[in-house]
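Worksheet: one structure, shown below.
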Amino acid sequence: MNRERMYQILLGPHVSEKSTLAAENSNQIVFQVATTATKVEVKQAVEKLFDVQVKQVSVVNVKGKTKRTRNGLGRRSDWRKAYVRLAEGQDIDFASMD
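Be aware that the sequence shown starts at 1, since it is given in the working numbering, and climbs by one per residue.
Right, dumping it as structure tokens:
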């Protein structure tokens with residue numbers, strides 16, 4: 001897998017209360033990923049970009065919410081997130097990255 005495809009797959013970390021608890025309790029990192037990304041592609045991208053060992057990947061399709069606007073009803077885009085479980089002793093520190 002080339003570097004360009006890895007950056008297309010991993011869109012960024014997803015920070016929420018649930019993802020913070022997952023990181024603390026079960027060594028999981030949550031990423032927002034492309035809607036076409038597979039588990040294997042996510043695993044390879046995380047391992048190569050962050051130089052860590054991935055134990056398990058779970059993906060979730062998040063449906064966009066329907067919102068009321070001034071012009072009627074609108075809809076947010078659907079998106080996908082991946083729960084990446086790292087091997088014991090592995091960690092990704094986003095604060096120290098450039």
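Where a beta carbon is used, it is the ideal one built from N, C-alpha and C, also for glycine.
This structure is a prediction, so every number in the text was calculated from the model and none was measured.
Requested in this report: Note the first and the last residue of the continuous alpha helix (DSSP H) segment covering threonine 69.
Outcome: Sequence index remark: in the sequence shown, residue 69 carries index 69 (1-based). That residue, threonine 69, is in no alpha helix (DSSP H); its beta strand (DSSP E) goes 66–69.
Query raised in the report: Just reading off the beta strand (DSSP E) that isoleucine 29 is part of, what are its end residues?
Result: Taking the first residue of the sequence shown as position 1, residue 29 is located at position 29. Unbroken beta strand (DSSP E) run through isoleucine 29: 28–33.
Query raised in the report: Using a Cβ-Cβ cut-off of 8 angstroms (strictly less than) and excluding sequence neighbours within five positions of methionine 6, which residues of its own chain qualify?
Result: Taking the sequence shown and counting its residues from 1, one reaches residue 6 at position 6. Result list for methionine 6: Gln44, Ala45, Lys48, Leu49, in chain order.
Query - Rounded C-alpha distance that separates phenylalanine 94 from glycine 12 - result: One-based indexing of the sequence shown puts residue 94 at position 94. One-based indexing of the sequence shown puts residue 12 at position 12. Near 10 angstroms, if we compare the C-alpha coordinates of glycine 12 and phenylalanine 94.
Report task. Go through its chain and collect everything with a Cβ distance to lysine 81's Cβ below 8 angstroms, but skip five positions before and after it. Result -> Working through the sequence shown from its first residue, we reach residue 81 at position 81. Here the set comprises His14, Val30, Phe31, Gln32, Val33, Val59, Val60, Val62.
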